[in-house]
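Those protein sequences? They're chains V and F, same order as listed. The letter at position 63 of the first sequence is residue 166 when you use the numbering used here, and the numbering goes up by one with no holes. The letter at position 114 of the second sequence is residue 106 when you use the numbering used here, and the numbering goes up by one with no holes. The beta carbon of each residue, even a glycine, is placed where N, CA and C say it ideally should be.
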Amino acid sequence: MDGQQTLDLGTVVILGTMGMVILALGVVVFSFIYQRRMTAKQNELTMLDLQHQKELMGAVIQTKELEQRRIALELHDDVGSTLTAIKFSVSSFTIDEKDKELLNNNLADAIQKVRRISNDLLPSILEELGLVTGVKSLIKTLNDNKTLNYVFESSGEHVRHPKDVELACYRILQELLNNILKYANATEVHVTIVMSQSGITITVTDDGDGFVPEEHLDRERPSLGLKNIESRIQQIKGEITYEKRLPKGTKVLIDWKRHE
Amino acid sequence: MISLTDISLYSILLPSGMVFFRWRRSDVPLTIIRILILFTLLIEAFSEFYISNLYQPNHLKNNMFLYHIFTFCESILLILYFRTFFQQRWVRNILLLLLTLFSIFVLLNIKFWEPLTHYPSIPRMIECILMMVFSIIFFMNLFQQSIVTNLIEYPHFWLASGLLLYFAGTFFMNLVGQMVLDRKKLGFDVYDIHSVLNIFLNIIYTIALWMGSRRLISEQ
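Below is the structure:
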């Protein structure tokens, strides 16, 4: 009788232990699967949110470009033409020659400014003659300001790529050159463009303090310019890499491949 | 021949090795686990010395008082370990209260029910229940916070799982109480259950410490 009782207790202990272990294992496996599913769902939501943000940023840039284009055309075709017409009319005015000259100079200055603003907003040379000529003109303007020494080189084929791609490359380059001028403490900047049927490769190197965006992520307010560059790159499905040069300076490589 | 009890005894060397050879400054909960591992090593070593002839050739070889001390310290360290995962002040206070009540109970148990020469089955069972509940709450807490993306690389997931399985597995063994000492009374060596689960727990400790040190390296 006693032997039967102890045997029963032994069976209870073994079965109970097995039951408890299986239950505990069930809890662990359930927790593992549940957490994995939850993480996957959360990742999906984050990806969607990110995608939405990218689309939103792209739409903002596109709207900005359209608005800039509209203002540039208005300035060039309307305000510019009106000023030119006034300039011609002034010559027929019967006023003092000295005043006429002063008025003419002021009008010429105003026309020049309108053209410059219009060109900044929509680089017509870029639209008409392409990226290489557009960048060459931009570099010439920058060199005229005598702030830094800009050197420009281009090679490859004479090809045109989609307007939105050329405009994005141009804007990115504008932003990069602006950043170098403002923050890099550089003296010389080299810009090279290699054009081919398969894509565009732009290299910007400077001899400044050296910069890679990853080192500036902890800033309280992330740079809007860098965000713009990132959005434009994503919009054209290109790539941008930043590299610190030794002993000083930065090399930025923009690469865009034609997707058939 | 090496018995299962011997393997179980020496298995503490695995996590202890991790503590010694991969010692890094880590978060508070992992430090508590390291302290627990070192304490276990110390108790096991002393226990072996105490029951050997090196201590005294012909003394009464009852080392149950060490099991009482171990149960008490292990429970306190594990309550403190789980306490680190809760941010709410009231939960933390409740755990402190629980810790105090458990300590009082352990003393009363020694005085009135299970003296130092007996197997401390009641505190062990209470410890089992507490640890199982804490492990489950830990998992629920983990879901709510959802800060961990990869559970495999999260050392505390390994630890909570290991502790849950160990304490769930030893629960019924503690139920038979003093019979644990009279090993063959149930028709089998009931302590083998503990040995198997103890080896398993020590492997889990080792994996968790390994994961913890890997995480620290990748964070540096």
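Item, Value
"Simplified DSSP state of Tyr146 of chain F, which is helix, strand or coil", "coil"
"Extent of the continuous alpha helix (DSSP H) run through Gly311 of chain V", "Note, Gly311 of chain V: premise wrong, no alpha helix (DSSP H); not H, not E."
"Residue-level contact to chain F via CB, Gly129 of chain V, 8 Å cutoff", "no"
"Under 8 Å (Cβ pairs) to chain V, residues found in the stretch 68 to 94 of chain F", "none"
"Of the listed residues F:His60, F:Leu90, F:Ile61, F:Asn55, nearest to Leu72 of chain F (C-alpha basis)", "F:Leu90"
"Range covered by the alpha helix (DSSP H) that runs through Asn45 of chain F", "Where Asn45 of chain F is concerned, there is no enclosing alpha helix (DSSP H), given that its DSSP letter is neither H nor E."
"Supposed contact pair Ser8 of chain F and Ile29 of chain F - C-beta distance, whole angstroms, cut 8 Å", "6 Å"
"Amino acids of chain V, ordered along the chain, whose beta-carbon sits closer than 7 Å to that of Leu156 of chain F", "Ala127, Val130, Val131"
"Simplified DSSP assignment, three categories, for Val254 of chain V", "strand"
"Helix, strand or coil at Lys53 of chain F [DSSP, three-state]", "coil"
"Residue of V:Arg335, V:Leu126, V:His362, V:Leu251 minimising C-alpha distance to Val163 of chain V", "V:Arg335"
"C-beta contact flag for Leu225 of chain V and Ala175 of chain V at 8 Å", "yes"
"Distance CB(Gly313 of chain V)-CB(Gly259 of chain V) smaller than 8 Å", "no"
"Min CB distance Thr120 of chain V to chain F below 8 Å", "yes"
"Stretch pair the stretch 245 to 265 of chain V + the stretch 193 to 211 of chain V: three plus CB contacts closer than 8 Å", "no"
"Touch test, the stretch 126 to 139 of chain V against the stretch 299 to 313 of chain V, Cβ-Cβ under 8 Å, three pairs minimum", "no"
"Interface flag, Met150 of chain V vs chain F, CB-CB below 8 Å", "no"
"Trp15 of chain F (DSSP reduced to helix, strand or coil)", "coil"
"Opening and closing residue of the beta strand (DSSP E) in which Thr141 of chain F lies", "Neither: Thr141 of chain F is in no beta strand (DSSP E) and is coded neither H nor E."
"Euclidean distance between Cα positions of Pro316 of chain V and Ala213 of chain V", "40 Å"
"Closer than 8 Å at the beta carbon, the chain V residues around Leu165 of chain F", "As written in the sequence, residue 165 of chain F is Met, which differs from the Leu given in the question. Correct list: Val116, Thr120."
"Cα-Cα separation, Asp(-2) of chain F to Met141 of chain V", "42 Å"
"Residue range of the unbroken alpha helix (DSSP H) whose run includes Val182 of chain V", "Neither: Val182 of chain V is in no alpha helix (DSSP H) and is coded neither H nor E."
"Residue-level contact to chain V via CB, Ser153 of chain F, 8 Å cutoff", "yes"
"Proximity test, Cβ basis, 8 Å: Phe214 of chain F and chain V", "The structure shown does not extend to residue 214 of chain F, since chain F is modelled only from -7 to 212, so the question has no answer here."
"Beta carbon proximity, Leu153 of chain V to chain F, threshold 8 Å", "no"
"Three-state class that DSSP yields for Val294 of chain V in the structure shown", "strand"
"Rounded separation between Ser44 of chain F and Gln138 of chain V - CA only", "48 Å"
"Which residues DSSP lists as bridging Tyr345 of chain V, in chain order", "V:Val355"
"Distance between beta carbons of Ile198 of chain V and Val268 of chain V, contact taken as under 8 Å", "Not a contact, Cβ separation roughly 51 Å."
"Contact with chain V by Met(-7) of chain F, beta-carbon distance below 8 Å", "no"
"Unbroken stretches of the alpha helix (DSSP H), 4 residues or longer, contained in the stretch 57 to 117 of chain F", "81 to 100"
"Local Cβ density within 10 Å of His148 of chain F, reported as buried at 16 or more and exposed below that", "buried"
"Neighbourhood of Arg116 of chain F by C-beta, 7 Å cutoff - its chain only, sequence neighbours within 5 removed", "Thr63, Asn166"
"Bounding residues of the alpha helix (DSSP H) (the contiguous stretch that carries Val268 of chain V)", "266 to 282"
"DSSP-derived helix/strand/coil call for Lys360 of chain V", "strand"
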